[in-house]
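A.B. asks: So that we are looking at the same thing, I have put the structure below in structure tokens.
Numbering (this note's numbering), first residue to last: 495 to 883.
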């Protein structure tokens, strides 16, 4: 059936019907804009998408079709490489006594706003074969969805634009859709991970006024690109950060940047790709948030550990705690010793739970035992590496 879909360049109509579940984001969940629509698609549809994704992604990567500033859907690239590239540039600027201003762009309903005709033109321009282009056109057109909220199921409605959130091909198609975004802005450094984009500029302190004017021009260029590609920027959720040494930041006067007639003032901390960035790149806020979240999970696990064997207990801790504890560890590896100690407390507590030590028992034997299970143990700080750049 799937081979028939590929050979005839036709995506079955029954596979185009999605059931949408709203997942609350930040803010009042009663407001539609604060919910993320996740599409539940037929199983066969996702299997077919997975095969198409593998073939087309291999083509994009092997032929070098994706922008060097795009970290999504590229081999050996991830959220970690995106953050490493940006923070590495910021740290180099700090060493040169420069200030860096970064704008974290937030697109409104990015996946839902994709214009199908524009996307198909971009797929053609990037080198897609006519038969494959016809298949993607069939995949995109005549789609429909129905919303489920609890036990209520609304009637089915047609979709004229966008790609399904929760689909396999959605992020890849959005990556192609914004592939020319970095080249549309000049006099700044762009970096992207699928729909997460940021722009940043480094400058000497006395050039602040000139730098602000430069950033405003770049944002005007970005808005023009968005207008031509049916995308909207949300200025309410767009964040601005100023990075530098403590001494330089103390000398930095107040400023704001202009985006769609709205003045946006810099914030001290902002979350980017799951990591909280602060103006000095100390990562104290990120560490505090991570420790709080991990400790909460460990307390809950500790209450039910008697129901689990050791292997299952390790898997639960690895999935719910260590995945957060070590997320992008190479990015924040230059954090202070005090922050490393906070993170070590999490690993110590996890080791106590696994081995069964009491609160005041020495933790060294438990850590030693955890180290012997290499797949579940990592040192808190990984060495920072810039080799990928």
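From the three backbone atoms N, C-alpha and C, an ideal C-beta is built for every residue, glycine too.
Looking at the secondary structure, which residues open and close the beta strand (DSSP E) in which residue 696 lies?
C.D. replies: Counting from 1 along the chain shown, the entry for residue 696 is found at position 202. Run containing residue 696: 690-697, per the beta strand (DSSP E) assignment.
A.B. asks: At 4 residues or longer, what runs of the alpha helix (DSSP H) sit wholly inside the region 836-870?
C.D. replies: With a minimum length of 4 residues, the continuous alpha helix (DSSP H) runs that stay inside the region 836-870 are 858-866.
A.B. asks: Using the DSSP secondary-structure output, state which residues sit across from residue 513 in a beta bridge.
C.D. replies: The residue given as residue 513 occupies position 19 in the chain shown. Partner(s): 534, 640.
A.B. asks: Go through its chain and collect everything with a Cβ distance to residue 505's Cβ below 7 angstroms, but skip five positions before and after it.
C.D. replies: Along the chain shown, one-based indexing puts residue 505 at 11. The answer, listed in chain order, is 499, 629, 632, 633.
A.B. asks: Since residue 794 is in the alpha helix (DSSP H), which residue starts that stretch and which ends it?
C.D. replies: For the purposes of this step, residue 794 is identified with residue 300 of the chain shown, where counting begins at 1. Residue 794 -> alpha helix (DSSP H) spans 778-798.
A.B. asks: My output table needs one value for residue 684: the three-state DSSP class, helix, strand or coil.
C.D. replies: Along the chain shown, one-based indexing puts residue 684 at 190. Residue state, collapsed to three classes: strand.
A.B. asks: Quick one: grab the DSSP three-state call for residue 564.
C.D. replies: Position 70 of the chain shown holds residue 564. It is a strand residue.
A.B. asks: For the beta strand (DSSP E) containing residue 764, list its first residue and its last residue.
C.D. replies: Within the chain shown, numbered from 1, the residue matching residue 764 stands at position 270. Looking at the DSSP string, the run of the beta strand (DSSP E) that includes residue 764 is 763-766.
A.B. asks: Exposed or buried, residue 519, counting other C-beta atoms within 10 Å across all chains shown (16 or more means buried)?
C.D. replies: Reading the chain shown from its first residue, position 25 is the one you call residue 519. That one is exposed.
A.B. asks: Using DSSP with H/G/I as helix, E/B as strand and the rest coil, what is residue 829?
C.D. replies: The residue labelled residue 829 in the question sits at position 335 within the chain shown. Note: residue 829 maps to coil in three-state DSSP.
A.B. asks: Taking its Cβ as the centre, do 16 or more other Cβ atoms sit within 10 Å of residue 780, making it buried, or is it exposed?
C.D. replies: Taking the first residue of the chain shown as 1, we reach residue 780 at position 286. Result: buried.
A.B. asks: I'd like to know if the region 608-615 and the region 652-659 are in contact, where contact means that at least 3 CB-CB pairs between them fall below 8 angstroms.
C.D. replies: A contact exists between the region 608-615 and the region 652-659.
A.B. asks: List the residues that DSSP assigns as beta-bridge partners of residue 757.
C.D. replies: If you number the chain shown from 1, residue 757 lands on position 263. Looking at the DSSP assignment, residue 757 forms a beta bridge with 752.
A.B. asks: According to DSSP, residue 602 sits in a beta bridge with which residue or residues?
C.D. replies: Here the question's residue 602 lines up with position 108 in the chain shown. Answer by DSSP bridge pairing, in chain order: 726.
A.B. asks: On the three-state DSSP scale, how would you describe residue 622?
C.D. replies: Along the chain shown, one-based indexing puts residue 622 at 128. In the structure shown, residue 622 sits in coil (DSSP, three-state: anything other than H, G, I, E or B).
A.B. asks: Per the contact definition of three or more C-beta pairs closer than 8 angstroms, is the region 576-586 in contact with the region 809-827?
C.D. replies: A contact exists between the region 809-827 and the region 576-586.
A.B. asks: In the DSSP assignment, find the alpha helix (DSSP H) that holds residue 586 and state where it starts and stops.
C.D. replies: Here residue 586 is taken as the residue at index 92 of the chain shown, counted from 1. That run of the alpha helix (DSSP H) goes 573-589.
A.B. asks: Tell me which same chain residues have a C-beta within less than 6 angstroms of the C-beta of residue 849, skipping the five on either side of it?
C.D. replies: Within the chain shown, residue 849 is the residue found at index 355, counting from 1. So the qualifying residues of the chain are 860, 863.
A.B. asks: Report the three-state DSSP secondary structure of residue 880 (helix, strand or coil).
C.D. replies: Counted from its first residue, the chain shown places residue 880 at position 386. Its pLDDT being 46, under 50, residue 880 is placed unreliably by the model, and the measurement read from it follows with that caveat. In the structure shown, residue 880 sits in coil (DSSP, three-state: anything other than H, G, I, E or B).
A.B. asks: Does DSSP put residue 596 in a helix, a strand or coil?
C.D. replies: Within the chain shown, the letter at position 102 stands for residue 596. Strand at residue 596.
A.B. asks: Helix, strand or coil for residue 770 per DSSP?
C.D. replies: Position 276 of the chain shown, counted from the first residue, corresponds to residue 770. The answer is strand: DSSP assigns residue 770 an E or B state.
A.B. asks: Whose CA, out of 697, 525, 691, lies closest to the CA of residue 672?
C.D. replies: As a position in the chain shown, residue 672 is number 178, starting the count at 1. The candidate whose alpha carbon is nearest that of residue 672 is 691.
A.B. asks: Alpha carbon to alpha carbon, how far is residue 759 from residue 807?
C.D. replies: Working through the chain shown from its first residue, we reach residue 759 at position 265. Working through the chain shown from its first residue, we reach residue 807 at position 313. Distance between the alpha carbons of residue 759 and residue 807 is about 46 angstroms.
A.B. asks: Count the other CB atoms within 10 Å of the CB of residue 737; is the residue buried (16 or more) or exposed (fewer)?
C.D. replies: One-based indexing of the chain shown puts residue 737 at position 243. The residue in question, residue 737, is buried, as its Cβ has 16 or more Cβ neighbours within 10 Å.
A.B. asks: Does the region 642-650 touch the region 508-517, meaning 3 or more C-beta pairs lie closer than 8 angstroms?
C.D. replies: Yes, the region 508-517 is in contact with the region 642-650.
A.B. asks: Looking at the secondary structure, which residues open and close the alpha helix (DSSP H) in which residue 670 lies?
C.D. replies: The count along the chain shown starts at 1 and reaches residue 670 at position 176. It spans 664-671 - the alpha helix (DSSP H) in which residue 670 sits, taken as one unbroken run.
A.B. asks: At what residues does the alpha helix (DSSP H) containing residue 737 begin and finish?
C.D. replies: If you number the chain shown from 1, residue 737 lands on position 243. Per DSSP, residue 737 belongs to no alpha helix (DSSP H); it is in the beta strand (DSSP E), 733-737.
A.B. asks: Look up residue 653 in the DSSP assignment and say whether it is helix, strand or coil.
C.D. replies: Position 159 of the chain shown, counted from the start, is the residue given in the question as residue 653. Residue 653: strand per DSSP, three-state reduction.
A.B. asks: Between residue 496 and residue 609, what straight-line distance do the alpha-carbon atoms span, to the nearest angstrom?
C.D. replies: Position 2 of the chain shown holds residue 496. Position 115 of the chain shown holds residue 609. When rounded, the distance between both Cα atoms is 26 angstroms.
A.B. asks: Report the option in 553, 778, 820, 502 whose CA atom is closest to the CA atom of residue 832.
C.D. replies: Locating residue 832 in the chain shown gives position 338, where the first residue counts as 1. Per the Cα distances, 778.
A.B. asks: Whose CA, out of 598, 515, 635, lies closest to the CA of residue 507?
C.D. replies: Sequence index remark: in the chain shown, residue 507 carries index 13 (1-based). Among 598, 515, 635, the Cα nearest to that of residue 507 is on 635.
A.B. asks: For residue 601, count neighbouring Cβ atoms within 10 angstroms of its own Cβ and tell me buried if that reaches 16, exposed if not.
C.D. replies: By one-based count along the chain shown, residue 601 stands at place 107. So residue 601 counts as buried.
A.B. asks: On the premise that residue 702 lies in contact with residue 735, defined as a C-beta separation below 8 angstroms, what is that separation, rounded to the nearest angstrom?
C.D. replies: Walking along the chain shown from the start, residue 735 turns up at place 241. Walking along the chain shown from the start, residue 702 turns up at place 208. Not really, about 15 angstroms apart at Cβ, beyond 8 angstroms.
A.B. asks: For residue 647, which beta-bridge partners are listed by DSSP?
C.D. replies: Reading the chain shown from its first residue, position 153 is the one you call residue 647. The partner list for residue 647 (beta bridge, DSSP) reads 642.
A.B. asks: By the three-class DSSP mapping on this structure, what secondary structure does residue 506 have?
C.D. replies: Position 12 of the chain shown, counted from the start, is the residue given in the question as residue 506. Reduced to three states, the DSSP call for residue 506 is coil.
A.B. asks: Out of 813, 603, 597, 746, which one is the CA nearest neighbour of residue 708?
C.D. replies: Stepping through the chain shown from its first residue, residue 708 is reached at position 214. For the residues 813, 603, 597, 746, the minimum Cα distance to residue 708 belongs to 597.
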